[in-house]
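*Asks:* Numbering (our numbering), first residue to last: 1 to 277. Think of the CB as a built atom: it goes at the ideal place given N, C-alpha and C, for glycine as much as any other residue. Every value quoted in this text rests on a predicted model; they were computed, and no experiment measured them.
#1: Would you check if there are 3 or more beta carbon pairs closer than 8 angstroms linking the region 121-135 to the region 30-47?
#2: If you run the structure through DSSP and keep just helix, strand and coil, what is residue 19?
#3: For residue 195 and residue 218, I'd like the C-alpha separation in whole angstroms.
#4: How close, in whole Å, do the beta carbons of residue 155 and residue 113 come, if the pair is a contact with beta carbons under 8 angstroms?
#5: Assign residue 176 to one of two classes, buried (16 or more other C-beta atoms within 10 Å of its C-beta) or exposed (fewer than that).
#6: Quick one, are the C-beta atoms of residue 157 and residue 69 less than 8 angstroms apart?
#7: Per DSSP, what are the beta-bridge partners of residue 96 in this structure?
#8: Based on the DSSP secondary-structure assignment, which residues constitute the bridge partners of residue 162?
#9: Below 8 angstroms on the Cβ atoms is my guess for residue 118 versus residue 43; work out the distance and round it to an integer in Å.
#10: Use the C-beta contact count for residue 85: other C-beta atoms within 10 angstroms, 16 or more gives buried, fewer gives exposed.
#11: Given this structure, state the Cα-to-Cα distance separating residue 60 from residue 102, to the nearest angstrom.
#12: Three-state secondary structure (DSSP) at residue 44?
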């Protein structure tokens, strides 16, 4: 089992996972269904706070996977909340209010904790992603701090998702630093994304690429986070080859979109040494 699959299927209490995705990304649905479905099969209780559109996809995928979400809802093993409606209940003057958040979300986690037979609770949330998309980035990071505060007082795992395309301009150190620092694990991109990036770098950098590989390998990992290879290489390119990075990312994004494979997969993790990374 890959490291990413292990995180999704058997997260430890107080793990705080994050996934970055670009719409449309059908593998967000696959990943969430894996996290939720495996939890249900193991007897965990699960809280899902998602947009209406995503929730529909998640429940359909869970049903197709045989996780029986309707029965889990009936038995209160699974609890679902609308992300936008829930968020609005604890926002005050454009910022999340701790007391309201604790009373609303914390009480749901505590209730699920009291119902679980094995002591394990899993939560998935998109409220931070909604704030991020709306340009309320300080509020999103404040909400992450509230989640971490809750993780410190209750035993559960948490999985967040942000609509950030790693090939887009939003994915650079100055923008995502606070997100990475708020989480324990970043779920990595998969082989299709790696292949698209490799192809785009060869297109744009040509023979220079082989000479750059040792330099990238030696310097691409920020001190504040241990990143998967693809994400780390992209951040290095954004910081150090700004004249070429935009063209590389544009091409890589186009190659990803034209592929018949999903953008992200955890069936076979990246081989960090395949291209000398």
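*Replies:* This is what the structure holds:
#1: Contact between the region 121-135 and the region 30-47 is present, because at least three Cβ pairs lie under 8 angstroms.
#2: For residue 19, the three-state secondary structure derived from DSSP is strand.
#3: 21 angstroms
#4: 7 angstroms
#5: Label assigned to residue 176: buried.
#6: In this structure, residue 69 does not lie closer than 8 angstroms to residue 157 by Cβ.
#7: Paired residues: 91.
#8: 20
#9: Confirmed, Cβ separation roughly 5 angstroms.
#10: exposed
#11: 30 angstroms
#12: coil
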